[in-house]
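To convert, count from 1 in the sequence shown and add 5; that's this note's numbering.
A virtual CB, placed ideally from N, CA and C, is assigned to each residue, including glycine.
Just so we're clear, the structure is a prediction, and the values are computed from it rather than from any experiment.
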Amino acid sequence: MKSSTVNRVQCFKMDPPTAQLIDEHEVALEPEPTGDAFDRGIALKEAGNSALRAGQYQEAAERYREALLIFSGRTAERANCLSNYAAACVRLGELDEAERTLREAIDINPRHINARLRIARVFSAKEKHILAASEWGVVAQIRPLTDSEAAERDVCNKKAMDAGITTMKSWGNKLLGKLGLSLDNFKLAKNSDGSFNISMQK
């Protein structure tokens, strides 16, 4: 006896969003290291910042990694180092590592503006336009966007809308494909009263 086969519609997988934005008083950070350890961590972070500004991205990444060994808790300085390390990763073309690192920074401090800005741009670079648009929305909740950021946000929103339409069409074609149809079999026409009429065409 042959086993019956159940037709399934394959779902599109989408990366999870970053941590939800919370009020400033809800950000729970752990205490920083004390004494020489803190001073050493800050010195390493500053060395990383100097290397980053000088275009020495590999050197910057190494200094930030060393600082992160010191700032190992869920602290403000760890979030700062993670965000800056991600900036070096972007310059090195390591977008997956940058995304992973920025997600951690945002998990520690959901209101970290630089991490939010950077991950929005990383999402755009990885053509995850819907996630990028969501991040721009969060940034705008934290503080007003500059003119250049607003323009960047608008471009991102347009790409997110196009991506959403493409995804919806793909879902629709997968569902209709079970019936031997596709969205090409349907025609959308605007009526004189502003409403729309959908008709099927062979």
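Give the single residue among the options whose Cα lies nearest to the Cα of residue i.
i: Lys163; options: Trp141, Asn119, Pro149; result: Trp141
i: Leu34; options: Asn114, Ser77, Arg68; result: Asn114
i: Leu49; options: Ala93, Ala81, Ala72; result: Ala72
i: Glu29; options: Glu64, His117, His134; result: His117
i: Ala120; options: Ala42, Ala103, Glu99, Asp44; result: Ala103
i: Leu74; options: Leu107, Pro38, Arg105, Arg108; result: Pro38
i: Lys133; options: Arg79, Leu100, Asp112; result: Leu100
i: Glu109; options: Leu136, Ile124, Arg96; result: Ile124
Going by other Cβ atoms of all chains shown within 10 Å of its Cβ, with 16 needed for buried, is residue i buried or exposed?
i: Ala91; result: buried
i: Arg148; result: exposed
i: Gly40; result: exposed
i: Ser88; result: buried
i: Ser77; result: exposed
i: Ile170; result: exposed
i: Val11; result: In this prediction, Val11 scores a pLDDT of 35, lower than 50, which makes its location untrustworthy; no coordinate-derived value is stated.
i: Gly46; result: buried
i: Glu31; result: exposed
i: Ala42; result: exposed
To the nearest angstrom, how far is the alpha carbon of residue i from that of residue j?
i: Asn54; j: Ala168; result: 36 Å
i: Pro22; j: Glu154; result: 21 Å
i: Val127; j: Arg58; result: 19 Å
i: Asp20; j: Leu26; result: 17 Å
i: Ala138; j: Gln63; result: 30 Å
i: Gln146; j: Ala81; result: 20 Å
i: Ala24; j: Glu157; result: 22 Å
i: Arg83; j: Lys131; result: 25 Å
i: Asp159; j: Thr151; result: 12 Å
i: Cys161; j: Ser129; result: 7 Å
i: Thr106; j: Leu122; result: 13 Å
i: Leu136; j: Ala165; result: 8 Å
i: Leu97; j: Ile111; result: 21 Å
i: Ala56; j: Ala65; result: 5 Å
i: Asn85; j: Cys94; result: 14 Å
i: Asp44; j: Val143; result: 33 Å
i: Gln3; j: Arg79; result: The requested residue 3 does not occur in the structure, where the chain is confined to residues 6 to 207.
Distance cutoff 9 Å, beta carbons only. Does residue i sit that close to anything in chain B?
i: Gly46; result: Note that chain B does not occur in the displayed structure, where there is just one protein chain.
Between residue i and residue j, which are expected to be in contact by the criterion C-beta below 8 Å, what is the C-beta distance as a whole number of angstroms?
i: Arg70; j: Ala52; result: In fact, because the Cβ distance is near 12 Å, the residues do not count as touching under 8 Å.
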